[in-house]
Amino acid sequence: MLPPSQVNLAEELAGDSLELRVLSSISKVLVKRRDVGELLEEALNILQGQLGFVRGALSLLRGDSLVVEASCGLSPDEKERGTYHLGEGITGQVGKTGEPAVIPDTRMDGRFLNRTGARHEGESESFLCVPVIHSGQVVGTLSMDFPVQLPDTLSKLMKLLVVVANILADAVESVRLYFAERQSLERENDRLRLELGEQSSSAAIIGHSSAMRSVHLEIAQVARSSATVLLRGESGTGKELIAQAIHNGSDRRHGPFVAVNCAALPEGLIESELFGHEKGAFTGAHKQRIGRFEMASTGTLFLDEIGDISLQTQVKLLRVLQERVFERVGSQEPISTNARIIAATSRDLEQKMRDGEFREDLYYRLNVFPIHVPALRARKSDIVSLADFFLAKYNKVYNKKVVRLSTPAIDMLMSYHWPGNVRELENMIERAVIVSSSGVINSFDLPASLQTEAATGTAPVKTLSVSHEQTAGLERLTASFETELIAAALKRSKGNVASAARELQTTVRKLHYRIKQLRIAPSQYK
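Residue numbers (the UniProt record's numbering): 1 to 526.
See the structure below:
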């Protein structure tokens, strides 16, 4: 009869539930921004609770040695002794070769150094060690001691730890960059804004609201890394321009930026579009076609509306993200890609996962560095700056000389709820420039949808006196400011209303009420 420690773990690994629980737990830890050591310690503690290992260690490469950075089950003295030169012992061999090691019984392998002194003489354990690889280079190792396990169980554990190590690699690099560059962040942000202003005149980075300052900060943090980015936000908020900004600020700026709208492609064509096809692969395939992954191999691939792809395509996309290899439709020859992935969605991916419409493992692969792009109604203080930008743009396009917006026109823009976000604002300013017969955009130059009380939400209550009506502007500004405060708190709490309520020093019930009144969606901030 097998020992309970073998039976329980083998049963857990028989299905996919344990793997998904582990990846979900690790993903929740990695969205936090704090000291690298604390983050890794918490990740190991979670893994210990899920997998039940005896000891675990995450060692990082420093020069030509691997040093235990975080551990679980090791005393401070044992952790202090955990240093291995490359090629020394099992851990050093994994660090040198980049190949995982699985030892069914540590008593039977003489390579163990017991450098930490944690193993007792005659103690029988199984040992696994996998490399932590970032940008093709070994940056550390993840190792664990288990009660002796069966070979099949160890094989499954090894595959799971390889996935965990890959996820940790991206996250550790992102957090490391955050702390390493924090002192020079303002200088880097100014450089990035200047470069983007000259190269792309990106409307998405216009604005000084608190919500957009946070986006500027995150662009600067992640641009120089190779981490996968997931842009969350409503349609029309400028997610593609944010992706372009990240690309322009990265070391890949001289490579191609390839964008594909997944929602615009029918199911029968999306694989051909992403991976390419060979001549004769299907009816109408008259010649070989290179796919978007191949086009973007030295640059950035932007996958817009990633939440709209089918489960079948999700499986193939997951493989590319994991292995960086794909085949063209109609071919079995593997093709490697080094494209950096930036994905975007306006969908509630968490709900789609609960509905079985989006794979959890793909979600965790994409959600390494999430950025929430705020809706225009959550950054109303940026409306005038954006309107001025579009005014200058369409003056050039249509050879007009419209110099400004009138105060009533600005009031109408500030009162509107902007369901179409920045894209809708741009369309309205373009129309206003076309129809304007003077050097000023007046309220009557704006579309009728902005000129109705129902559309702007400014219809006065019948019982209001004149003095109350005169305060409507103040009320609108107050609501706009409140929306920004709540949105910023939800962003920092990753959509957790209770945490946001504590930060804002209010009750959960009151905050839920204001969220409903202001039409804020907490799920967009997760």
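Backbone N, C-alpha and C fix where the C-beta goes; we use that ideal spot for every residue, glycine too.
What residue range does the beta strand (DSSP E) around residue 302 cover? 300 to 304
Output the distance between the C-alpha atoms of residue 334 and residue 403, rounded to the nearest integer angstrom. 57 Å
Give me, in chain order, the residues of the same chain whose beta-carbon lies closer than 6 Å to that of residue 235; leave out the 5 immediate sequence neighbours on both sides. 346
Taking the straight line between their C-alpha atoms, what separation do you get for residue 504 and residue 487? 11 Å
Please work out which residues of its chain come closer than 7 Å, Cβ to Cβ, to residue 548, disregarding the five sequence neighbours upstream and downstream, and give them in chain order. The structure shown does not extend to residue 548, since the chain is modelled only from 1 to 526, so the question has no answer here.
Between the Cα of residue 329 and the Cα atoms of 279, 378, 305, which residue gives the shortest distance? 279
Is the separation between the beta-carbon of residue 86 and that of residue 95 shorter than 8 Å? yes
If you follow the alpha helix (DSSP H) that residue 213 is in, where does it begin and where does it stop? 210 to 223
Could you give the C-beta distance for residue 433 and residue 405, rounded to a whole number, given that I count them as a contact under 8 Å? So it is not a contact: roughly 10 Å between Cβ atoms.
Spell out a yes or no on whether the segment 59 to 67 and the segment 136 to 145 are touching, meaning 3 or more CB-CB pairs, one atom from each, closer than 8 Å. yes
Neighbourhood of residue 199 by C-beta distance below 7 Å, restricted to the same chain and skipping five residues each side: Low confidence applies to residue 199: its pLDDT is 43, below 50, so where it sits in the model is not reliable, and the reading given next is rough at best. If we look at residue 199 and ignore the five residues flanking it on each side, its Cβ neighbours are 248.
Return the CA-CA distance between residue 214 and residue 246, expressed in angstroms with no decimal places. 14 Å
For the pair the segment 213 to 227 and the segment 258 to 272, tell me if three or more CB-CB distances fall below 8 Å. no
Assign residue 205 to one of three DSSP states: helix, strand, or coil. helix
Evaluate contact between the segment 369 to 381 and the segment 280 to 296, counting only Cβ atoms and requiring at least three cross-stretch pairs below 8 Å. no
Rounding to the nearest angstrom, what Cα-Cα distance links residue 98 and residue 371 in this structure? 31 Å
Chain-order list of residues whose beta-carbon lies under 7 Å from that of residue 410 (same chain, five-residue window excluded): 384
Please report the straight-line C-alpha distance between residue 243 and residue 231, rounded to a whole angstrom. 8 Å
DSSP bridge partner residues for residue 347 (one or two, in chain order): Its beta-bridge partners do not exist; DSSP assigns none.
Which of the three DSSP states, helix, strand or coil, is assigned to residue 308? helix
Member of 376, 363, 134, 412 whose CA lies at the smallest distance from the CA of residue 27: 363
Have a look at the DSSP bridge pairing and note the partners of residue 125. 147
Does DSSP put residue 417 in a helix, in a strand, or in coil? coil
Should residue 201 be labelled buried (16 or more other beta-carbon atoms within 10 Å of its own) or exposed? Unreliable placement is indicated for residue 201, whose pLDDT of 36 sits below 50; no coordinate value is reported for it.
Counting C-beta neighbours from all protein chains within 10 Å, is the total for residue 340 16 or more, i.e. buried, or is it exposed? buried
For residue 337, which option in 507, 317, 344, 387 has the closest C-alpha, if you only look at C-alpha atoms? 317
What residue range is occupied by the uninterrupted beta strand (DSSP E) comprising residue 85? 83 to 85
C-alpha gap between residue 506 and residue 498, whole angstroms: 9 Å
Range covered by the alpha helix (DSSP H) that runs through residue 395: 383 to 398
Is it buried or exposed, residue 239, if we count other Cβ atoms within 10 angstroms and call 16 or more buried? buried
In whole angstroms, give me the CA-to-CA distance for residue 167 and residue 441. 51 Å
Comparing C-alpha positions only, which one of 420, 93, 91, 512 sits nearest to residue 449? 420
Under a three-way DSSP split, which group does residue 261 fall into? strand
Within the segment 19 to 105, note down every full beta strand (DSSP E) run reaching 3 residues or more, in order along the chain. 55 to 62, 65 to 72, 83 to 85, 101 to 103
Just how far apart, CA to CA, sit residue 351 and residue 509? 23 Å
Under the three-state reduction of DSSP, which class applies to residue 340: helix, strand or coil? strand
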